[in-house]
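In what follows, a single structure is set out as structure tokens and then discussed.
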Amino acid sequence: MAERGESVEWSWSDAPIVLPVAFQSREWNAIYIAFYLAEYSGSKVIVTHVLEGEEEEHAFAEQLRREIEALAKELSVRYEYSNVEPQSKPPSVEEIARAIVNTADSNNAQAIVMSAHREGLFRELFGRVSDHVARLSATRVVLVETPQSGMKIPRNPKRIFIPVLKEQHPDPFVIAAALTSSAAVPDAEIIVGKIIELPPTLPLDAIDLSQPLKREEREFSYFTSLAIKALGRFFNPKIVSVRDVGDDVGRYIREQAIDVTVMFSKRETGFHGFLTKDEYEIVSKSPCIVLVTLSGIEVAGRPPSASPISSSSPQTP
Numbered sequence: 130m131a132e133r134g135e136s137v138e139w140s141w142s143d144a145p146i147v148l149p150v151a152f153q154s155r156e157w158n159a160i161y162i163a164f165y166l167a168e169y170s171g172s173k174v175i176v177t178h179v180l181e182g183e184e185e186e187h188a189f190a191e192q193l194r195r196e197i198e199a200l201a202k203e204l205s206v207r208y209e210y211s212n213v214e215p216q217s218k219p220p221s222v223e224e225i226a227r228a229i230v231n232t233a234d235s236n237n238a239q240a241i242v243m244s245a246h247r248e249g250l251f252r253e254l255f256g257r258v259s260d261h262v263a264r265l266s267a268t269r270v271v272l273v274e275t276p277q278s279g280m281k282i283p284r285n286p287k288r289i290f291i292p293v294l295k296e297q298h299p300d301p302f303v304i305a306a307a308l309t310s311s312a313a314v315p316d317a318e319i320i321v322g323k324i325i326e327l328p329p330t331l332p333l334d335a336i337d338l339s340q341p342l343k344r345e346e347r348e349f350s351y352f353t354s355l356a357i358k359a360l361g362r363f364f365n366p367k368i369v370s371v372r373d374v375g376d377d378v379g380r381y382i383r384e385q386a387i388d389v390t391v392m393f394s395k396r397e398t399g400f401h402g403f404l405t406k407d408e409y410e411i412v413s414k415s416p417c418i419v420l421v422t423l424s425g426i427e428v429a430g431r432p433p434s435a436s437p438i439s440s441s442s443p444q445t446p
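Convert by adding 129 to the 1-based position in the sequence shown; the result is the number in the working numbering.
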């Protein structure tokens, strides 16, 4: 929780970005995000592949390498490949995750950007590779969640949505700014929605602005104004009233024709992994790609990345 008057860090450094790949088609969304973030921050991308056994260079891997090369050239982004040899063959999910985290640590990376997608029941219950990375990494992690197979982020997203549940954090705003930095998307709209859950008896269009709600709205508007000033983008603030968070936010995303959603999570361990129940519902029911950004955690004395602003902390000057 940030104290009154505490400064907010609105920029990323030029430290490397680690991009784990297994050379699968569903990873293109993460590749796209990693390179656009690198272009925006002036970073190098370290494309990391953990060798899982008998490696065969198949046709799709070659195609993906060519597409990575073309994207890097288009955006003028530096990149390199890093093949990691694990101790076990094949390595466990935990070992793959640790190899990715160790690569980020050894390169002093500022972020890990990786694909995350729906898996079988066993993997969903006991953790995907991306879930293990999110728990182990001391640096920020951006998970590119694909709720349904075949979903793709448009090359130039026109409408981006940032849902705000409890805490406001600069990273979703920075990511949205990075995705709209190209001259090809001058008319892109970024909607920032403060999610207000209402009781079943209250109509969705009849929000009672009680003192606590007025304070939340004031803090939300102030934080959004800071983002506009710092990042040079217009973030359109909205109050989104819901009864069922997952269903109603998903419906809002669909009605607004959102291309990509960007959401902050605090890494709380529970039944739904590092996501809260509401965050999990938003991801699983979203009709578009969801980027889940997790700030760094304190490990062995290393400071975490930028701190979130809690809706209960007054931020008005």
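From the three backbone atoms N, C-alpha and C, an ideal C-beta is built for every residue, glycine too.
Between residue i and residue j, what straight-line distance do the alpha-carbon atoms span, to the nearest angstrom?
i	j	result
Val293	Val230	28 angstroms
Asp300	Ser244	18 angstroms
Glu138	Arg362	16 angstroms
Leu193	Tyr161	12 angstroms
Glu318	Lys395	26 angstroms
Ala159	Tyr208	15 angstroms
Ala305	Ile368	19 angstroms
Glu326	Leu420	22 angstroms
Pro366	Asp316	17 angstroms
Ile320	Ile382	10 angstroms
Asp260	Glu384	30 angstroms
Ala188	Arg195	11 angstroms
Phe302	Ile291	8 angstroms
Tyr164	Leu200	Residue identity differs from the one stated: residue 164 is Phe in this sequence, not Tyr. About 8 angstroms.
Leu166	Asp373	33 angstroms
Arg455	Glu198	The structure shown does not extend to residue 455, since the chain is modelled only from 130 through 446, so no value can be given for it.
Asp143	Ser350	29 angstroms
Pro219	Ile225	10 angstroms
Ala429	Ser140	Because Ala429 sits at a pLDDT of 42, beneath the cut-off of 50, its placement in the model cannot be relied upon, and the point is left open.
Glu203	Gln153	22 angstroms
Ala238	Ala359	23 angstroms
Glu191	His246	22 angstroms
Lys406	Ser172	34 angstroms
Glu348	Tyr210	43 angstroms
Arg155	Arg257	15 angstroms
Ser170	Ser310	11 angstroms
Gln408	Glu181	Here residue 408 is Glu; the residue named in the question, Gln, does not match the sequence. Cα to Cα, the separation comes out at about 31 angstroms.
Gln216	Leu404	30 angstroms
Ser278	Asp234	31 angstroms
Glu410	Lys295	15 angstroms
Ser354	Val412	26 angstroms
Glu168	Glu346	33 angstroms
Ile357	Phe393	18 angstroms
Ala151	Lys414	26 angstroms
Met280	Ser136	37 angstroms
Arg284	Trp157	11 angstroms
Ala386	Gly322	14 angstroms
Taking Cβ to Cβ, would you say residue i is nearer than 8 angstroms to residue j?
i	j	result
Pro416	Gly379	yes
Val147	Thr232	yes
Gly288	Asp377	With the sequence shown as reference, residue 288 is identified as Arg, and Gly is not the correct amino acid for it. For Arg288 and Asp377, no; Cβs fall outside 8 angstroms.
Val206	Val242	no
Val179	Ala228	yes
Gln297	Phe352	yes
Thr177	Val222	no
Ile418	Ile324	no
Pro391	Thr422	Note that residue 391 is Val in the sequence shown here, rather than Pro. Against a cut-off of 8 angstroms, the Cβ pair of Thr422 and Val391 comes out as a contact.
Once DSSP output is grouped into helix, strand and coil, what is the label at residue i?
i	result
Phe403	coil
Asn158	helix
Leu327	coil
Gly375	helix
Gln192	helix
Asn237	coil
Ala144	coil
Ser211	strand
His261	helix
Arg252	At Arg252, the pLDDT of 43 sits below 50, so the modelled position is not reliable and the matter cannot be decided from this model.
Val347	The question names Val, but residue 347 in the sequence shown is Arg. Three-state result, Arg347: helix.
Asn231	helix
Ala245	strand
Val222	helix
Ile319	strand
Ile418	strand
Just to check my reading of the structure: residue i and residue j have Cβ atoms closer than 8 angstroms, yes? What is that Cβ distance to the nearest angstrom?
i	j	result
Leu265	Pro286	Rounded, the Cβ-Cβ distance is 30 angstroms, inconsistent with contact.
Pro145	Asn236	5 angstroms
Gly425	Ala263	With 8 angstroms as the limit, Gly425 and Ala263 do not qualify as a contact, their Cβ atoms being about 11 angstroms apart.
Q) Taking one C-beta from the region 270–285 and one from the region 322–332 each time, how about it: are there three or more such pairs within less than 8 angstroms? A) no
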